[in-house]
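Residue numbers (this note's numbering): 141 to 498. Where is the CB? At the ideal position from N, CA and C, for every residue including glycine. First comes the structure, then the notes that go with it.
Okay, here's the thing in structure tokens:
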């Protein structure tokens with residue numbers, strides 16, 4: 141079954157279709173991870189994005205529900221060089237191809253992903269469409285017109301990636317309100333491991349509803365899209381600044397930055413992968429981090445009461461912030477285990493304990 145990828149600049153890549161047979165559109169980005177295909181497909185951060193895997197063979201250990209970052213697949217399409225035909229993993233319950241069919245994710249393989257990645261690095265991430273319909277492969281001009289109708293990922297996708305209802309997770313510590321902007325299961329697990337009692341709320345929860353929770357602190361999660369469109373969340377951060385300890389990761393970090401008066405801009409091709417080096421500005425510690433974002437906090441016109449705590453070693457972009465007087469902390473990347481999470485957010489957790497015990 142032939143398939144085609146068409147980019148907004150007119151570039152076309154012919155390959156073999158796999159997964160769901162159909163059409164998928166979105167922003168085309170590349171991921172540099174050697175493993176983690178299931179994490180990527182089920183990560184809400186990839187909502188509305190067609191993911192190009194730079195590693196040459198994908199799917200060699202299949203799909204296991206226990207490894208999923210979300211309840212469903214969030215990326216609408218995948219672009220790969222080769223799909224493993226004989227995956228092997230003792231936890232595997234289905235192949236990647238079978239999972240994509242189940243979740244209606246459109247895939248295209250046998251693509252020169254090196255050429256495609258180089259194009260995206262040079263021109264920046266672009267909108268595109270994958271189609272495995274014979275009529276589109278034979279006559280792809282119509283796909284270009286459809287690309288013009290696509291919209292960048294924003295507030296609608298953030299709300300769709302969020303929980304539709306409030307739910308609680310028991311613990312022995314202070315009550316922490318988690319604003320779900322598209323939270324990963326692994327991040328939620330790290331929050332649980334702090335011992336806090338958690339109440340997880342939808343992204344569009346009102347300020348009044350947040351106040352009624354009586355939480356000792358607020359945590360804004362990772363998620364997809366342009367933080368500048370999440371105005372209700374930005375206003376909520378502004379409202380609680382100076383009253384509660386606040387922390388954020390990923391999209392939450394960018395939203396906190398906007399509330400603090402910094403600016404956020406679209407990156408040329410984003411950070412997507414598990415090999416991004418980040419250095420603490422006040423020391424020598426370097427961490428290799430997992431990142432999934434297309435927007436970045438700008439480092440010009442930083443308010444005097446805000447400190448940049450971490451930078452990316454490759455492009456020197458902002459990777460962490462804190463307020464010099466208020467208990468507000470954030471990082472762009474995703475802490476990978478309990479030890480790292482506690483180290484990164486030690487100030488926040490200390491303030492949270494004080495607030496919860498007051």
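For the alpha helix (DSSP H) containing residue i, list its first residue and its last residue.
i, result
"residue 169", "It is not in any alpha helix (DSSP H) - residue 169 instead sits in the beta strand (DSSP E) that spans 163 to 171."
"residue 239", "236 to 243"
"residue 456", "That residue, residue 456, is in no alpha helix (DSSP H); it is neither H nor E in DSSP."
"residue 263", "253 to 263"
"residue 274", "274 to 278"
"residue 395", "391 to 399"
"residue 296", "295 to 301"
"residue 481", "478 to 484"
"residue 181", "177 to 181"
So, under 8 Å CB-CB, residue i and residue j are touching, yes? Tell me the CB distance rounded to an integer number of Å.
i, j, result
"residue 158", "residue 144", "In fact, because the Cβ distance is near 13 Å, the residues do not count as touching under 8 Å."
"residue 292", "residue 146", "Their Cβ separation, rounded to whole angstroms, is 17 Å, which puts residue 292 and residue 146 out of contact at 8 Å."
"residue 412", "residue 431", "7 Å"
"residue 421", "residue 457", "With a Cβ gap of about 12 Å, residue 421 and residue 457 do not count as contacting."
"residue 330", "residue 478", "6 Å"
"residue 461", "residue 426", "About 18 Å separates the two Cβ atoms, so there is no contact after all."
"residue 171", "residue 193", "6 Å"
"residue 184", "residue 288", "Incorrect: roughly 26 Å between the Cβ atoms, too far for contact."
Below 8 Å between beta carbons: does that hold for residue i and residue j?
i, j, result
"residue 227", "residue 235", "yes"
"residue 404", "residue 438", "yes"
"residue 343", "residue 320", "yes"
"residue 409", "residue 254", "no"
"residue 224", "residue 198", "yes"
"residue 447", "residue 418", "no"
"residue 164", "residue 202", "no"
"residue 168", "residue 326", "no"
"residue 290", "residue 162", "no"
"residue 233", "residue 204", "yes"
"residue 433", "residue 392", "no"
"residue 499", "residue 155", "This structure gives no information on residue 499, because the portion of the chain shown stretches from 141 to 498."
Here's a check: name, in chain order, each residue in its chain whose Cβ is nearer than 7 Å to the Cβ of residue i, leaving out the five neighbours to either side.
i, result
"residue 444", "none"
"residue 414", "173, 176 and 430"
"residue 387", "359, 469, 470, 485 and 488"
"residue 283", "146, 269, 271 and 276"
"residue 307", "340"
Enumerate in chain order the residues of its own chain whose CB-to-CB distance from residue i is below 6 Å, with the five nearest sequence positions on each side excluded.
i, result
"residue 315", "337, 355 and 356"
"residue 492", "314, 356, 357 and 385"
"residue 150", "none"
"residue 436", "407 and 457"
"residue 399", "374, 377 and 378"
"residue 195", "174"
"residue 498", "Residue placement at residue 498 is flagged as unreliable, the pLDDT there being 49, under the threshold of 50; a coordinate-derived value is accordingly withheld."
"residue 318", "338, 340 and 359"
Start and end of the beta strand (DSSP E) containing residue i?
i, result
"residue 433", "426 to 437"
"residue 371", "No beta strand (DSSP E) holds residue 371; the alpha helix (DSSP H) holding it covers 371 to 380."
"residue 159", "152 to 159"
"residue 188", "Unbroken run through residue 188: none, as it is neither H nor E."
"residue 352", "Run containing residue 352: none in the beta strand (DSSP E); it sits in the alpha helix (DSSP H), 347 to 353."
"residue 249", "246 to 249"
"residue 448", "446 to 452"
"residue 414", "404 to 420"
"residue 271", "266 to 271"
Is there at least one non-hydrogen atom of the ligand PLP closer than 7 Å to the beta-carbon of residue i?
i, result
"residue 306", "Among the components of this structure there are no ligands whatsoever, and the ligand PLP is therefore not found."
Below 8 Å CB to CB, which residues in the same chain sit around residue i once its five sequence neighbours on both sides are set aside?
i, result
"residue 483", "none"
"residue 333", "478 and 481"
"residue 240", "158, 159, 160, 181, 213, 218, 246 and 247"
With a cut-off of 8 Å, do at least 3 Cβ pairs link the segment 286 to 306 to the segment 362 to 370? yes
Three-pair Cβ contact test at 8 Å for the segment 256 to 269 versus the segment 305 to 312: no
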